[in-house]
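For the sequence shown, my numbering gives the first residue as 8, with consecutive numbering after it.
Note that the Cβ used here is the ideal one computed from N, Cα and C, for glycine as well.
Quick caveat, the model's predicted, so the values are computed rather than measured.
In what follows, a single structure is set out as structure tokens and then discussed.
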Amino acid sequence: MQDAGNCQKNATWQNWGKNLTAHPEFICTPQNKDELTNIVKNAIIEKKKIRMLGGGYSWTPVVPTNDWIIDMSKLNKILSVDTVKNQVTVEAGMRVGDLSLAIAGEEFDLDDKPIPPVVNPNNALSFETETVIPWITVGGAVALGCHGTGYTMGTYSDQVVAMEMLLADGTWRTFSVETDGEEMMNAMRVNLGALGIIYSVTFQCVPRFNLQAVDSRADMEETIANIKQLVTSHDYVEVFWFPFNQKCWIKTWDKTDKPITQNEVTWGWDELKVFLEINSFGIYLMDALNKNSWLTPYIMKLLSGLMPTQSVVAVSAQVFHYQLFYMPVWDMSYCINIPNNDFTLVQKAWMQVVKRIEAAQKQGQYPQNMVLHTRYIKNSNAYLSPASGEDHTCCIEILTFTGDNRPVESYESYFKQIEQDWIELGGKPHWGKAIYSVNKLKSMYGANMDAFLKIRQKLDPNQMFINDFLRQVFQIQPPN
Ligand SMILES: Cc1cc2nc3c(=O)[nH]c(=O)nc-3n(C[C@H](O)[C@H](O)[C@H](O)COP(=O)(O)OP(=O)(O)OC[C@H]3O[C@@H](n4cnc5c(N)ncnc54)[C@H](O)[C@@H]3O)c2cc1C
Numbered sequence: 008m009q010d011a012g013n014c015q016k017n018a019t020w021q022n023w024g025k026n027l028t029a030h031p032e033f034i035c036t037p038q039n040k041d042e043l044t045n046i047v048k049n050a051i052i053e054k055k056k057i058r059m060l061g062g063g064y065s066w067t068p069v070v071p072t073n074d075w076i077i078d079m080s081k082l083n084k085i086l087s088v089d090t091v092k093n094q095v096t097v098e099a100g101m102r103v104g105d106l107s108l109a110i111a112g113e114e115f116d117l118d119d120k121p122i123p124p125v126v127n128p129n130n131a132l133s134f135e136t137e138t139v140i141p142w143i144t145v146g147g148a149v150a151l152g153c154h155g156t157g158y159t160m161g162t163y164s165d166q167v168v169a170m171e172m173l174l175a176d177g178t179w180r181t182f183s184v185e186t187d188g189e190e191m192m193n194a195m196r197v198n199l200g201a202l203g204i205i206y207s208v209t210f211q212c213v214p215r216f217n218l219q220a221v222d223s224r225a226d227m228e229e230t231i232a233n234i235k236q237l238v239t240s241h242d243y244v245e246v247f248w249f250p251f252n253q254k255c256w257i258k259t260w261d262k263t264d265k266p267i268t269q270n271e272v273t274w275g276w277d278e279l280k281v282f283l284e285i286n287s288f289g290i291y292l293m294d295a296l297n298k299n300s301w302l303t304p305y306i307m308k309l310l311s312g313l314m315p316t317q318s319v320v321a322v323s324a325q326v327f328h329y330q331l332f333y334m335p336v337w338d339m340s341y342c343i344n345i346p347n348n349d350f351t352l353v354q355k356a357w358m359q360v361v362k363r364i365e366a367a368q369k370q371g372q373y374p375q376n377m378v379l380h381t382r383y384i385k386n387s388n389a390y391l392s393p394a395s396g397e398d399h400t401c402c403i404e405i406l407t408f409t410g411d412n413r414p415v416e417s418y419e420s421y422f423k424q425i426e427q428d429w430i431e432l433g434g435k436p437h438w439g440k441a442i443y444s445v446n447k448l449k450s451m452y453g454a455n456m457d458a459f460l461k462i463r464q465k466l467d468p469n470q471m472f473i474n475d476f477l478r479q480v481f482q483i484q485p486p487n
């Protein structure tokens, strides 16, 4: 490969979830725009496919290709901060957690080397909304329309105001609301890495703010019956339920002028981490579930009991990224519409899971042994956003612990049933989490998909950025 920086031949790649492996001809890790351009120019000459790699945290096969993978992780700098417009421009390989700390005026930890703040306290910024996971990259989060919670906030991608892209013909172009209008940005904001390589992104931020973060427990059925009241009376809400518990665990965050009471916010899941790491006892216990699934109700009660109740004030960047430890899990998430503040579909989607867990238990089966979880956001106008739809959206997800050896058969048919339940309620899947009904995706998005594909065809007629998964999603044939 000519002048393309660090390229590894015949490399093997695996995602974080370890459910995907690829053997691309090259994995290249460019360090600057020239190296990135040279990779695309070489690919044009050699007629190769390219897929971009962010952090590798997607479970769906959005990254794999047998041709060339571009690892964006070394393109990870903040390029500029506009303190008048409250905007930040950043290379796409930067991790979202590093970015939010950096613009908040906090020390951050890129590549495990502490880096001093990039803005002074008077100009510090916050994202209005962010994903919980801090290690995914800006490019990966934007490309798949990732989200956190916040009933009046959209997705992470909705905060994009401009994007500098390297296109399939080797040219550079900046797309922005100002120059290209909303229609083009609706395609760009959630692009599945199918329109080109995102080199940098400009985000609209707001002045840095603090959040009052409260963790509490409440009766699960009552909480879901009154979910509208809960969600509409706080800025940000998440609800978790460990199966077989009467109570659920609730997180509410509200903007506040109160001073910070806690500098680092890592609660709840970190208690779980301590528990799991004591002499590896927890991991042993969780793995025992794979062999003795009847233990599930007991362990779910134990884990639910470990979730703390507390109230702290911290800077938003700390609160948003509260979870710094993740167990090996399988995760399926669907976005369910909330039209006119009517939460009926959400309540159905939640209770269907509860009923299916109860029904499985009667047959001695425990397919789900981790949380049922909901977040609540504003709808998105991006064509391919799972949150596209009327007014607001609930992102509901089920997780199950997989460890290293849980047989897929022990939970897959359950996940497929829940997927059908949620599709019947009009749900659309998170692009990075488990999707079984790939063939239904094109029709789920209808006219939005047509509008996206029209733009895609113009930008990438030879399908440089298409892999097998995307061909199935878009239902397109290889070019002649
Ligand atoms: C433990 C865990 C927790 C998670 N928590 C959340 C959460 O809180 N909220 C949420 O919404 N999701 C969450 N996810 C899902 C995850 O955030 C998404 O799958 C996300 O897209 C992964 O980002 P990544 O940087 O790892 O990208 P990858 O998985 O490497 O890539 C994702 C897609 O982005 C494309 N891409 C990456 N970089 C570029 C670029 N520069 N230009 C063009 N395309 C690019 C890739 O080609 C691919 O199509 C979680 C996943 C895990 C495993």
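Could you have a look at residue i and say whether DSSP puts it in helix, strand or coil?
i, result
"I110", "helix"
"L82", "coil"
"T407", "strand"
"S392", "coil"
"R382", "strand"
"I257", "strand"
"D242", "coil"
"N26", "coil"
"N297", "helix"
"K308", "helix"
"M456", "helix"
"I483", "coil"
"D89", "strand"
"K435", "strand"
"S450", "helix"
"W357", "helix"
"G155", "coil"
"I205", "strand"
"W66", "coil"
Which one or two residues does DSSP pair with residue i in a beta bridge?
i, result
"F210", "V95, V167"
"F182", "M170"
"L263", "The sequence shown places Thr at residue 263, rather than the Leu named in the question. Per DSSP, N217."
"V320", "Q219"
"Q15", "I34"
"T144", "R102"
"M59", "I77"
"R224", "W256"
"N344", "T400"
"Q21", "T28"
"S420", "Looking at the DSSP assignment, S420 forms no beta bridge with any residue, so it has no partner."
"W337", "T407"
"L132", "P214"
What's the call for residue i, buried or exposed, on a 16-neighbour Cβ count within 10 Å?
i, result
"T159", "exposed"
"E113", "buried"
"P37", "buried"
"R463", "buried"
"E229", "exposed"
"E189", "exposed"
"D242", "buried"
"D165", "buried"
"S340", "buried"
"I364", "buried"
"G371", "exposed"
"P436", "buried"
"E53", "exposed"
"Q470", "buried"
"D338", "buried"
Whole-angstrom Cβ separation of residue i and residue j, contact assumed at under 8 Å?
i, j, result
"F350", "K235", "5 Å"
"D74", "P31", "6 Å"
"C35", "G12", "6 Å"
"D176", "P315", "That belief does not hold up - the Cβ atoms of D176 and P315 are roughly 54 Å apart, past 8 Å."
"F472", "H380", "Rounded, the Cβ-Cβ distance is 32 Å, inconsistent with contact."
Below 8 Å CB to CB, which residues in the same chain sit around residue i once its five sequence neighbours on both sides are set aside?
i, result
"N348", "K235, T239, D398, H399"
"K265", "N217, Q219, V320"
"N252", "M227, M307, K308, S311"
"L199", "V69, A150, L151, L391, W438, L477, V480"
If I measure Cβ to Cβ from residue i and keep anything under 7 Å in the same chain, skipping five residues before and after, which residues do I get?
i, result
"N297", "G410, N412, R413"
"L432", "I343, L352, K355, A356"
"M195", "M170, F182, L202"
"Y383", "T156, Y158, V238, V244, H399, C401"
"T225", "Note that residue 225 is Ala in the sequence shown here, rather than Thr. Excluding residues within five positions, the ones whose Cβ falls inside 7 Å are K254, C255, I257."
"T263", "N217, L218, Q219, V320"
"G104", "P141, W142, H328"
Beta-carbon within less than 6 Å of residue i's beta-carbon, same chain only, minus the 5 sequence neighbours each way: which residues are those?
i, result
"V88", "V95, V126"
"G100", "M79, S80, L82, N83, T144"
"P486", "N469, Q470"
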